[in-house]
Amino acid sequence: MAGFSVPGYGPERASWTRAFARDSVVRRLDWPMLLSALALSLVGVVLVYSATRNRMGLNQGDPYFFFVRHLLNTGIGLALMAGTIWLGHRTLRTAVPVLYGISVLLILLVLTPLGATINGAHAWLVIGGFSLQPSEFVKITIILGMAMLLAARVDAGDREHPDHRTVVLALALATVPMLIVMLMPDLGSVMVMVMIVLGVLLSSGASNRWILGLIGAGAAGAVLVWQLGVLDEYQINRFAAFANPQLDPAGVGYNTNQARIAIGSGGLTGTGLFQGTQTTGQFVPEQQTDFVFTVAGEELGFLGAGLIIALLGVVLWRACRIARATTELYGTIVAGGIIAWFAFQSFENIGMTLGIMPVAGLPLPFVSYGGTAMFAAWIAIGLLQSIKLQRPLSAS
0 MAGFSVPGYG PERASWTRAF ARDSVVRRLD WPMLLSALAL SLVGVVLVYS ATRNRMGLNQ
60 GDPYFFFVRH LLNTGIGLAL MAGTIWLGHR TLRTAVPVLY GISVLLILLV LTPLGATING
120 AHAWLVIGGF SLQPSEFVKI TIILGMAMLL AARVDAGDRE HPDHRTVVLA LALATVPMLI
180 VMLMPDLGSV MVMVMIVLGV LLSSGASNRW ILGLIGAGAA GAVLVWQLGV LDEYQINRFA
240 AFANPQLDPA GVGYNTNQAR IAIGSGGLTG TGLFQGTQTT GQFVPEQQTD FVFTVAGEEL
300 GFLGAGLIIA LLGVVLWRAC RIARATTELY GTIVAGGIIA WFAFQSFENI GMTLGIMPVA
360 GLPLPFVSYG GTAMFAAWIA IGLLQSIKLQ RPLSAS
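Put into structure tokens, the structure is as follows:
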């Protein structure tokens, strides 16, 4: 009969078949990476809920306040990832000057009366009741901008490796936003950006002299920043507490000491979800953001915390595979920058809860509560997926 179709046949079946054909976008996505990142975000939803459900002064009297928002942030992040895949990393390459300009403008606005201090860091814009941390997006534009410069002549076939002049331009591009972020001061973000720059240079095939020189310059810069008093007192105290945890156990060393107690009390299998005494008793500050890993350590134990680390490891492993398999230097550099970003930030966040790294106020990718950080992380996943999709099918 005219207009009649049986479900599973006709146009519907053809569309379904195309969607799952070998050369389709759905089939060619890196599903281990995507599912691992999604699992981290969903685990984060549960951990954030556990950390905030009893904190009535923080959750505005609604135990599901952070639960709903973290879930919403994950959904928006997935949409941003899909949009990034749709645009493609090559299209974004042409838009780098505009994206770079916008990101620099946003971090400059933080230094104006529009900027706000949240959790001790003057790194936020609060507009219309919404808070935004522009430095998270700067991480992406530094990666894209440096990759565009370093890969231009190599991908065109003019050179095998970036020349010294190109490396200088790339470093200058990264230095401008890093100096602005340091003025906030947001030391944690600057530390991540430095590692991103190192990861980008290593991925680009630049001379090892640049790598060694940058490490030396970074060490000299850290001493200079300390001597000039650029850091706020609370940041200096954090490093002092890291060097000597017993220096002020009721003050600057309190967070780290309570984090250790929470993780140590979890044992192998944990105290049980929503049963952690440190978490329920609200002994660990900022537990839904910087110290969310302590909830996993206490309530899910070594096995649960180990699962989070394993999922992060899968994301990094798949990113490394993508970086190695792509045939264009631009894609390799972008993937390398993202790998350096995720690897260092994860190590720093988990390390500071264990007392092996100084407290730097960095979220755990995909797990910690925070919209801007979640959005930036999922955009990075979108870039990685785009790099995988836009290489020849035979290399997939």
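The sequence shown stops at residue 395 when you use numbering that gives the first Met the number 0, and every number in between is there. Beta carbons are placed, not taken as given, at the ideal position from N, Cα and C, and that holds for glycine. Note that the structure is predicted; figures quoted are calculated from it, not measured.
Residues Ser134 and Val180 of the same chain have their beta carbon placed closer than 6 Å to that of Ser188, with the five preceding and five following residues left out of the count.
Assignment of beta-bridge partners to Phe129 by DSSP yields Ile126. Between Pro31 and Val313, the CB-CB gap stays under 7 Å.
DSSP places His160 outside both helix and strand once states are collapsed to three, so it counts as coil. Boundaries of the beta strand (DSSP E) harbouring Gly114: Gly114 to Ile117, taken from the DSSP string. In this structure, Ala342 sits away from Leu299, with a CB-CB distance that is not shorter than 7 Å. The C-beta separation of Gly265 from Glu297 comes to about 4 Å, placing the pair in contact by the 8 Å criterion. For Leu361, same chain residues with a beta-carbon under 6 Å away, outside a window of 5 residues either side, are Gly187, Gln344, Glu347 and Asn348 in chain order. If you ignore the 5 residues before and after Val175, its C-beta comes within less than 7 Å of the C-beta of Val103, all in its own chain and listed in chain order.
With three or more CB-CB distances shorter than 8 Å, the segment 317-327 counts as touching the segment 378-391. No Cβ-Cβ contact shorter than 7 Å links Gln257 with Val294.
Excluding five sequence positions before and after Leu107, the CB atoms of its chain that fall closer than 7 Å to its own CB belong to Ile179, given in chain order. The C-beta distance from Leu353 to Ile262 rounds to 7 Å, short enough to meet the 8 Å contact threshold. Out of Trp340, Leu28, Asn58 and Met147, the CA that lies nearest to the CA of Gln281 is found in Asn58. Taking 3 residues as the minimum length, the segment 335-367 contains no beta strand (DSSP E) run wholly inside it. With respect to Ser202, Pro161 sits apart: the two C-beta atoms are not nearer than 7 Å. Rounded to whole angstroms, the gap between the alpha carbons of Phe290 and Met145 is 32 Å. Annotation for Ala38: Leu310 place their beta carbon closer than 7 Å to its own, counting only its chain and skipping 5 residues before and after. Rounded to the nearest whole angstrom, the C-alpha separation of Val137 and Thr371 is 11 Å. Here Gly350 has Met356 as same chain residues with Cβ atoms under 8 Å from its own Cβ, once five neighbours each way along the sequence are excluded. Just so you know, the alpha carbons of Met192 and Ile337 end up roughly 11 Å apart. Between Leu149 and Ile332, the C-beta gap is smaller than 7 Å, which places the two residues in contact.
Fully contained in the segment 61-101 is no beta strand (DSSP E) run of length 3 or more. In the assembly as shown, Met183 is a buried residue. Its beta-carbon has 16 or more other beta-carbons within 10 Å. Here Ala339 is not near Ile214, since their CB atoms are 7 Å or more apart. Residues of the same chain with a CB within less than 6 Å of the CB of Pro62, apart from the 5 flanking positions on each side, are Arg52 in chain order. Taking all protein chains in view, the Cβ of Thr278 is crowded by 16 or more other Cβ atoms within 10 Å, so the residue is classified as buried.
Between Ala122 and Asp185, the gap from beta carbon to beta carbon is short of 7 Å. With 16 or more other CB atoms across the displayed protein chains lying within 10 angstroms of its CB, Ser40 is buried. Counting only the Cα atoms, Val25 lies some 36 Å from Met190.
At least 7 Å separates the beta-carbon of Val109 from that of Leu98. Going by C-alpha positions, Asn254 is about 26 Å away from Ala376.
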